[in-house]
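A quick write-up on the structure given underneath.
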Amino acid sequence: MGTGREALTVGALHHVEVWVPDLETARCSWGWLLGELGWTPFQDWPAGRSWRLGPTYLVLEESPGLSGRVHDRLAPGLNHLAFHAGPPAAVDALVAAAPEHGWELLFPDRHPHAGGPGTYAAYLADGQGYEVELVGSTA
0 MGTGREALTV GALHHVEVWV PDLETARCSW GWLLGELGWT PFQDWPAGRS WRLGPTYLVL
60 EESPGLSGRV HDRLAPGLNH LAFHAGPPAA VDALVAAAPE HGWELLFPDR HPHAGGPGTY
120 AAYLADGQGY EVELVGSTA
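Residues 0 to 138 (numbering that gives the first Met the number 0) are what the sequence shown spells out, left to right.
Printed below as a string of C-alpha coordinates:
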(Lines of atoms letter the chains of each structure in order from A; the text may use other names.)
(Lines give C-alpha, C1' and ligand atoms only; values in the text may rest on other atoms or scores of the structure.)
Protein backbone atom coordinates (compact mmCIF):
# COMPACT_ATOMS: atom_id res chain seq x y z
CA MET A 0 0.00 0.00 0.00
CA GLY A 1 1.28 3.45 -0.82
CA THR A 2 1.86 6.13 1.75
CA GLY A 3 1.24 9.00 -0.62
CA ARG A 4 4.97 9.86 -0.53
CA GLU A 5 6.09 7.87 -3.56
CA ALA A 6 8.14 9.60 -6.23
CA LEU A 7 5.80 11.72 -8.28
CA THR A 8 5.63 11.51 -12.04
CA VAL A 9 4.91 14.73 -13.90
CA GLY A 10 1.63 14.27 -15.72
CA ALA A 11 0.36 11.50 -13.43
CA LEU A 12 -3.16 11.85 -12.10
CA HIS A 13 -3.22 13.77 -8.79
CA HIS A 14 -6.91 13.48 -7.90
CA VAL A 15 -10.41 13.20 -9.32
CA GLU A 16 -13.35 15.05 -7.81
CA VAL A 17 -16.82 13.70 -8.50
CA TRP A 18 -19.83 15.77 -7.51
CA VAL A 19 -22.70 13.55 -6.41
CA PRO A 20 -26.35 14.34 -5.70
CA ASP A 21 -26.45 12.23 -2.51
CA LEU A 22 -23.21 11.89 -0.55
CA GLU A 23 -24.39 9.19 1.87
CA THR A 24 -25.58 6.93 -0.96
CA ALA A 25 -22.33 7.48 -2.84
CA ARG A 26 -20.26 6.96 0.29
CA CYS A 27 -21.82 3.54 0.82
CA SER A 28 -21.38 2.27 -2.75
CA TRP A 29 -18.07 3.94 -3.58
CA GLY A 30 -16.62 3.48 -0.09
CA TRP A 31 -17.16 -0.28 -0.32
CA LEU A 32 -15.71 -0.54 -3.83
CA LEU A 33 -12.70 1.65 -3.17
CA GLY A 34 -11.97 -0.23 0.04
CA GLU A 35 -12.08 -3.55 -1.83
CA LEU A 36 -9.61 -2.12 -4.37
CA GLY A 37 -7.14 -1.06 -1.67
CA TRP A 38 -8.00 2.65 -1.35
CA THR A 39 -8.01 4.03 2.18
CA PRO A 40 -10.10 6.86 3.68
CA PHE A 41 -8.23 10.14 3.35
CA GLN A 42 -10.38 13.20 4.04
CA ASP A 43 -13.81 13.66 5.61
CA TRP A 44 -15.87 16.86 5.85
CA PRO A 45 -19.62 17.57 5.99
CA ALA A 46 -20.06 17.77 2.20
CA GLY A 47 -17.48 15.21 1.09
CA ARG A 48 -15.24 12.21 1.54
CA SER A 49 -12.06 11.13 -0.17
CA TRP A 50 -10.00 7.96 -0.51
CA ARG A 51 -6.32 7.62 -1.38
CA LEU A 52 -4.27 5.04 -3.24
CA GLY A 53 -0.60 5.96 -3.30
CA PRO A 54 -0.24 9.60 -4.33
CA THR A 55 -3.68 9.73 -6.00
CA TYR A 56 -6.98 10.43 -4.31
CA LEU A 57 -10.66 10.37 -5.29
CA VAL A 58 -13.15 12.86 -3.87
CA LEU A 59 -16.92 12.46 -3.65
CA GLU A 60 -18.64 15.71 -2.81
CA GLU A 61 -22.25 16.83 -2.51
CA SER A 62 -21.41 20.41 -3.34
CA PRO A 63 -23.81 23.26 -2.66
CA GLY A 64 -22.77 24.49 -6.11
CA LEU A 65 -24.45 21.57 -7.93
CA SER A 66 -26.44 22.84 -10.90
CA GLY A 67 -28.53 19.66 -11.07
CA ARG A 68 -29.24 16.48 -9.14
CA VAL A 69 -28.87 13.88 -11.94
CA HIS A 70 -25.69 12.43 -13.45
CA ASP A 71 -25.95 11.13 -17.01
CA ARG A 72 -22.95 9.02 -18.02
CA LEU A 73 -24.13 9.19 -21.64
CA ALA A 74 -24.03 13.01 -21.76
CA PRO A 75 -20.86 14.94 -22.58
CA GLY A 76 -18.42 14.68 -19.71
CA LEU A 77 -17.25 11.77 -17.62
CA ASN A 78 -18.49 8.38 -18.82
CA HIS A 79 -16.68 6.14 -16.34
CA LEU A 80 -13.61 5.54 -14.21
CA ALA A 81 -11.62 2.36 -14.84
CA PHE A 82 -9.69 0.59 -12.08
CA HIS A 83 -7.21 -2.28 -12.20
CA ALA A 84 -8.99 -5.00 -10.23
CA GLY A 85 -6.55 -7.91 -10.19
CA PRO A 86 -7.03 -11.36 -11.70
CA PRO A 87 -10.36 -12.47 -13.22
CA ALA A 88 -11.33 -14.23 -9.96
CA ALA A 89 -11.06 -10.89 -8.11
CA VAL A 90 -13.26 -9.21 -10.73
CA ASP A 91 -15.79 -12.04 -10.37
CA ALA A 92 -15.82 -11.67 -6.57
CA LEU A 93 -16.45 -7.93 -6.84
CA VAL A 94 -19.27 -8.48 -9.35
CA ALA A 95 -20.88 -11.04 -7.04
CA ALA A 96 -20.79 -8.70 -4.03
CA ALA A 97 -21.56 -5.46 -5.87
CA PRO A 98 -25.39 -5.58 -5.79
CA GLU A 99 -25.33 -5.65 -1.95
CA HIS A 100 -23.51 -2.31 -2.10
CA GLY A 101 -25.65 -0.45 -4.64
CA TRP A 102 -23.95 -1.50 -7.89
CA GLU A 103 -25.56 -3.11 -10.94
CA LEU A 104 -23.74 -5.06 -13.64
CA LEU A 105 -23.97 -3.36 -17.03
CA PHE A 106 -23.90 -5.32 -20.29
CA PRO A 107 -24.56 -8.68 -18.56
CA ASP A 108 -25.07 -10.40 -21.92
CA ARG A 109 -21.47 -9.58 -22.87
CA HIS A 110 -19.86 -9.87 -19.44
CA PRO A 111 -16.89 -10.29 -18.86
CA HIS A 112 -15.86 -9.49 -22.43
CA ALA A 113 -17.93 -6.34 -23.06
CA GLY A 114 -14.69 -4.49 -23.79
CA GLY A 115 -13.77 -6.95 -26.54
CA PRO A 116 -12.60 -10.54 -26.88
CA GLY A 117 -9.12 -9.86 -25.44
CA THR A 118 -10.43 -8.24 -22.25
CA TYR A 119 -11.77 -9.40 -18.91
CA ALA A 120 -13.67 -6.62 -17.18
CA ALA A 121 -16.85 -5.75 -15.39
CA TYR A 122 -18.83 -2.59 -15.97
CA LEU A 123 -20.87 -1.50 -12.96
CA ALA A 124 -23.26 1.41 -12.40
CA ASP A 125 -24.33 2.75 -9.03
CA GLY A 126 -27.82 3.96 -8.17
CA GLN A 127 -26.89 7.55 -9.03
CA GLY A 128 -25.78 6.73 -12.60
CA TYR A 129 -22.00 6.63 -12.16
CA GLU A 130 -20.11 3.89 -13.99
CA VAL A 131 -16.91 2.09 -13.15
CA GLU A 132 -14.97 -0.45 -15.13
CA LEU A 133 -13.12 -3.13 -13.18
CA VAL A 134 -10.29 -4.33 -15.41
CA GLY A 135 -8.98 -7.82 -14.81
CA SER A 136 -5.37 -8.68 -15.46
CA THR A 137 -5.14 -11.25 -18.24
CA ALA A 138 -1.39 -11.85 -18.19
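Note that CB positions come from ideal geometry on N, CA and C, so glycine has one too.
Exercise for the section: Could you tell me whether the region 27 to 37 touches the region 47 to 58, using the rule of 3 or more Cβ pairs below 8 angstroms? Expected result: yes
Practice task
Would you mind working out which of H100, V134, W102 sits nearest G140, comparing C-alpha positions?
Solution key: Outside the displayed range of the chain (0 to 138) lies residue 140, so it cannot be described from this structure.
Handout entry: Selected residue, minimal CA-CA separation from V69, among A97, D21, T137
Key = D21
Exercise for the section: Quick one: grab the DSSP three-state call for H79. Expected result: strand
Handout entry: Which residues DSSP lists as bridging A121, in chain order
Key = L133
Handout entry: Identity of the residues DSSP links to L57 by a beta bridge
Key = V15, W50
Handout entry: Exposure label - L80; buried when at least 16 CB within 10 Å
Key = exposed
Handout entry: Test item: CB-CB of P63 and V90 under 9 angstroms
Key = no
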